[in-house]
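*Asks:*
Numbering (mature numbering (1 follows the signal peptide of the UniProt record, and there is no 0)), first residue to last: -30 to -1, 1 to 447.
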């Protein structure tokens, strides 16, 4: 396990590495792919590159080491590029930092926007603005909508990364079949949510004659944005007049903590919420123990599909909600930080890397990232696709469960409820501001939030203490 001190050491090493690379790369900005503008093509780097890539990825690739090898071969079959894919089985961020700090060279990295911002500050990744603008593929709004680029542009409008997939958002997910069974309306306000969750707890929605259900379960404070929406509060940082603040630590959050404490005291909130992981939370939902959870839009479809696979006649129906409306009727849910491809400044094959990024957004690239490997995960004949046993197990997700390209339609359609949930994301979800110090702030927020919800401290005192600790640690301005 890498300790906090080691991570800090790695970060310092990365900063040093960035400085060294910036001084020895002969102005090595990545050249545009074949057929695009040659703007920013580095001198001495116009010779033909070997079609080889070394890629490091957290989720893109095979599900096992053996399948990862097949994934590499499939890339070569489809593109002619010999790819070496480094996909750690766990602790991706730590291993990524360690690899870069030790001087390992990669042509492509799959990272989060948060990590991209860190790497930009340290001079580790190549600006791609000109290449993206010159790319007929990436500048096509049918492939990547123009408005989406604002998610990943820097303040000065530069582009350093290109989306690996459509990143969804988080929201309350309700047992819609329970709403129908109990003749309840879909909740809109916080009062509505209370009434629905109380009914889920007390009116035997699973029909087993026992009082063994809860209204709401969470995995700690994970994705309660849809509840704090009632007070118009974002989960992470906000910036105003150049100052950073965390809305969950403000007085405006006190009524929400008091509301959650009320659920806990009345047995409406799963008593194990503070120690749940997301797997336990989902399992409660799937086994008729809880009527609402807070999770990702994609899981609306996966939850529905899981129950359908178990019982074709099930009445189970998960549905995404836009969160509780605030006093002005507005809803607020969270958009996930985009995952992006970036090209390190010391990449040995930057032209090939950019060609690959363009290809990744083509039909072949999308099918590989979603369905997986032909003849391993699926078969295809005459445009008709069929999943293999392995393909069904892999749930059409090899790093790209959803994509932007409107010219490529899912061969099996979307899972039930996903389309509607994604529409909520597009309509109501916004990105969070996640600076490097968020992890430290989150610990303080969670510790005090739990005390408020569990009734170990009044909500007002918990917020006061939370704020004092954040200020003392210089985590808010």
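Cβ atoms here follow ideal geometry from the backbone N, Cα and C, with glycine treated the same way. None of the values given here were measured: they were computed from a predicted structure.
1. Measuring only the C-alpha atoms, how far is residue 36 from residue 56?
2. Is the region 360 to 368 close to the region 339 to 346, with three or more CB pairs under 8 angstroms?
3. Please tell me whether residue 265 and residue 245 are closer than 9 angstroms, where the distance is taken between their beta carbons.
4. If you count every other CB in all the chains shown that lies within 10 Å of the CB of residue 44, and 16 or more means buried, which is it?
5. Secondary structure at residue 143, three-state DSSP: helix, strand or coil?
6. Given a cut-off of 9 angstroms, decide if residue 167 and residue 200 are closer than it, judged by their beta-carbon atoms.
7. Evaluate residue 225 with the Cβ neighbour count: other Cβ atoms within 10 Å of its Cβ, from every protein chain shown; 16 or more gives buried, anything less gives exposed.
8. Are the Cβ atoms of residue 154 and residue 307 separated by less than 9 angstroms?
9. Determine the contact status of residue 218 and residue 436, defining contact as a CB-CB distance below 9 angstroms.
10. With a cut-off of 8 angstroms on the beta carbons, I'd call residue 314 and residue 41 a contact; round off their distance for me.
11. Looking only at its own chain, which residues have a Cβ that is under 8 angstroms from the Cβ of residue 231, when we skip the five neighbours before and after it?
12. On the premise that residue 145 lies in contact with residue 294, defined as a C-beta separation below 8 angstroms, what is that separation, rounded to the nearest angstrom?
13. Helix, strand or coil, according to DSSP, for residue 24 in the structure here?
14. Put residue 314 into one of helix, strand or coil per three-state DSSP.
15. Note the first and the last residue of the continuous alpha helix (DSSP H) segment covering residue 200.
16. Within 10 Å of its beta-carbon, does residue 382 have 16 or more other beta-carbons around it, so buried, or fewer, so exposed?
17. Report the option in 263, 31, 28 whose CA atom is closest to the CA atom of residue 290.
18. For residue 62, which residues of its own chain have a beta-carbon under 7 angstroms away from its beta-carbon, when the five flanking residues on both sides are left out?
19. Which same chain residues, not among the five before or five after residue 99, have their C-beta less than 7 angstroms away from its C-beta?
20. So, does the region 88 to 105 touch the region 310 to 324, judging by three or more C-beta pairs under 8 angstroms?
21. Where residue 387 and residue 394 are concerned, what is the direct C-alpha to C-alpha distance, given to the nearest angstrom?
22. Taking the alpha carbon of residue 32 as the reference point, which residue from 391, 353, 347, 442 has its own alpha carbon closest?
23. Could you name the residues that DSSP lists as bridge partners for residue 528?
24. Could you say if the region 271 to 279 and the region 166 to 185 meet the contact criterion of at least three C-beta pairs nearer than 8 angstroms?
25. Using 8 angstroms for Cβ pairs, my map puts residue 432 next to residue 418. What's the rounded Cβ distance?
26. Quick check: what's the CA-CA separation for residue 268 versus residue 227?
27. Under the assumption that residue 90 contacts residue 124 (Cβ atoms under 8 angstroms), give the Cβ distance between them as a whole number of angstroms.
28. For residue 319, which of 34, 47, 30, 51 has the nearest alpha-carbon?
29. Is it true that the CB of residue 375 sits closer than 9 angstroms to the CB of residue 208?
30. Tell me the residue span of the beta strand (DSSP E) that contains residue 82.
31. By how many angstroms is the C-alpha of residue 253 removed from the C-alpha of residue 351?
32. Excluding the 5 residues flanking residue 357 on each side, which residues of the same chain have their C-beta closer than 6 angstroms to its C-beta?
33. Taking just the CA atoms, how far does residue 235 sit from residue 118?
34. Give the secondary structure of residue 389 by DSSP, where H, G and I count as helix, E and B as strand, and everything else as coil.
35. Bridge partners for residue 442 per DSSP, in chain order?
36. Nearest to residue 173 by alpha carbon, out of 363, 111, 238, 120?
*Replies:* Considering the structure as presented:
1. Using only the alpha carbons, I get a separation of about 12 angstroms.
2. Because the criterion of three Cβ pairs below 8 angstroms is met, the region 360 to 368 and the region 339 to 346 touch.
3. no
4. So residue 44 ends up on the buried side.
5. strand
6. no
7. exposed
8. No, they are not a contact pair.
9. yes
10. Not a contact, Cβ separation roughly 21 angstroms.
11. 422, 423, 424, 425, 429
12. For residue 294 against residue 145, the beta-carbon gap comes to about 17 angstroms, at or over 8 angstroms, which does not count as contact.
13. Reduced to three states, the DSSP call for residue 24 is strand.
14. In the three-state DSSP reduction, residue 314 falls in the strand class (E or B).
15. In the DSSP assignment, residue 200 falls outside any alpha helix (DSSP H), carrying neither H nor E.
16. exposed
17. 263
18. Cβ neighbours of residue 62 beyond the five flanking positions: 28.
19. 128, 129
20. Yes, the region 88 to 105 touches the region 310 to 324.
21. Answer to the nearest angstrom: the Cα atoms are 11 angstroms apart.
22. Out of 391, 353, 347, 442, 347 has the C-alpha closest to the C-alpha of residue 32.
23. Given that the chain is displayed from residue -30 to residue 447, the structure contains no residue 528 and the question cannot be resolved.
24. no
25. 5 angstroms
26. Residue 268 and residue 227: Cα-Cα distance of roughly 28 angstroms.
27. 7 angstroms
28. 51
29. no
30. 78 to 82
31. 37 angstroms
32. Excluding the 5 residues flanking it on each side, residue 357 has same chain C-beta neighbours closer than 6 angstroms at 348, in chain order.
33. 42 angstroms
34. helix
35. Bridge partners of residue 442: none, in fact.
36. 238
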